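To start, the structure itself, in structure tokens.
Number of protein chains: 2
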Amino acid sequence: MRHNRYFEDKVQSLGFTDADGDATVGVIEPGEYAFGTSRQESISVVAGTLWYRVPGKPWLSAGPGEGFEVPAGVTFEVKAEGPAAYLCRYR
Amino acid sequence: MRHNRYFEDKVQSLGFTDADGDATVGVIEPGEYAFGTSRQESISVVAGTLWYRVPGKPWLSAGPGEGFEVPAGVTFEVKAEGPAAYLCRYR
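Note that the protein sequences, when read in sequence, are chains A and B. According to the numbering used here, the first sequence holds residues 1133 to 1223 in order. According to the numbering used here, the second sequence holds residues 1133 to 1223 in order.
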């Protein structure tokens, strides 16, 4: 299991690999962050509310059980007003 | 955010606190583990399949979107054949 830390530990995740491929579960503390993708990412919110902006689209929000797709090779932004937990699957 | 490690790092979690109280998201690598509870725990599976046994009940399994409650002050067991990710809320 991999423990990943970003943005002075305000975003952290635990990485694992299962039959569906590589995945992470993580927590985003309040703030706004930009990430680059090397693979397509499918992100589902597990707790809290996550705002996200993918290239060419406005800011949108997702709550528990909702999610969004991010293509490979782009930069996308997320922001959270309270802590948000997520599941990310890499395609 | 707290990073917790158990059982030689085979179970790890990230702890946070939101409007609903204390919570963790974590990953359980294949194996069988016993945990003691100090507070009531409400555990939801986020990815994979988690087998669990709480006192007085048989082994049961939960998949994504399913969960179970564990009372305070008991020891419960979990086992996973592949990695399983979960959300735990403390009551």
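Each residue gets a CB set at the ideal place from its N, CA and C atoms; glycine is no exception. What you are looking at is a predicted structure, and each value in this text was computed from that prediction instead of being measured.
Problem set entry | Alpha-carbon to alpha-carbon, L1182 (chain A) and F1200 (chain A) | 10 Å
Exercise. By the criterion of Cβ-Cβ separation under 7 Å, what are the contact partners of P1190 (chain B) in chain A?
Worked result: The contacting residues do not exist; P1190 (chain B) stays about 25 Å from chain A at best.
Problem set entry | Between the CA atoms of A1216 (chain B) and A1155 (chain A) - distance to the nearest angstrom | 11 Å
Exercise. Based on the DSSP secondary-structure assignment, which residues constitute the bridge partners of A1166 (chain B)?
Worked result: B:E1209
Exercise. Is there contact here, the segment 1138 to 1151 of chain B with the segment 1168 to 1177 of chain B, by at least three beta-carbon pairs under 8 Å?
Worked result: no
For this session: Could you check if Y1218 (chain A) is buried or exposed, using at least 16 other CB atoms within 10 Å of its CB as the buried criterion?
Result: buried
For this session: From the DSSP output, read off the bridge partner residues of R1221 (chain B).
Result: B:A1155, B:S1174
Exercise. How is the beta strand (DSSP E) around G1180 (chain A) delimited, first residue to last?
Worked result: Looking at the DSSP string, G1180 (chain A) is not in any beta strand (DSSP E), and its letter there is neither H nor E.
Exercise. How would you call E1173 (chain A), buried or exposed, if buried means at least 16 neighbouring beta carbons within 10 angstroms?
Worked result: buried
Problem set entry | Between the CA atoms of K1211 (chain A) and S1193 (chain B) - distance to the nearest angstrom | 34 Å
For this session: Return no unless some Cβ of chain A is closer than 9 Å to the Cβ of K1211 (chain B).
Result: no
Problem set entry | Close beta carbons around V1202 (chain A), own chain, < 6 Å, minus the five adjacent residues each side | T1169, E1173, V1186, F1208
Exercise. Who does D1150 (chain B) pair with in a DSSP beta bridge?
Worked result: B:G1153
Problem set entry | G1199 (chain B), DSSP secondary structure in three states | strand
For this session: Could you check the C-alpha separation between G1188 (chain A) and F1139 (chain B) for me, to the nearest Å?
Result: 45 Å
Exercise. Taking Cβ-Cβ distances shorter than 8 Å, what residues in chain A pair up with D1150 (chain B)?
Worked result: A1179, G1180, G1214, P1215
Exercise. Would you say E1173 (chain A) reaches chain B, if we count a Cβ-Cβ gap shorter than 9 Å as a contact?
Worked result: no
For this session: Tell whether a beta-carbon distance below 9 Å holds between R1221 (chain A) and I1175 (chain A).
Result: yes
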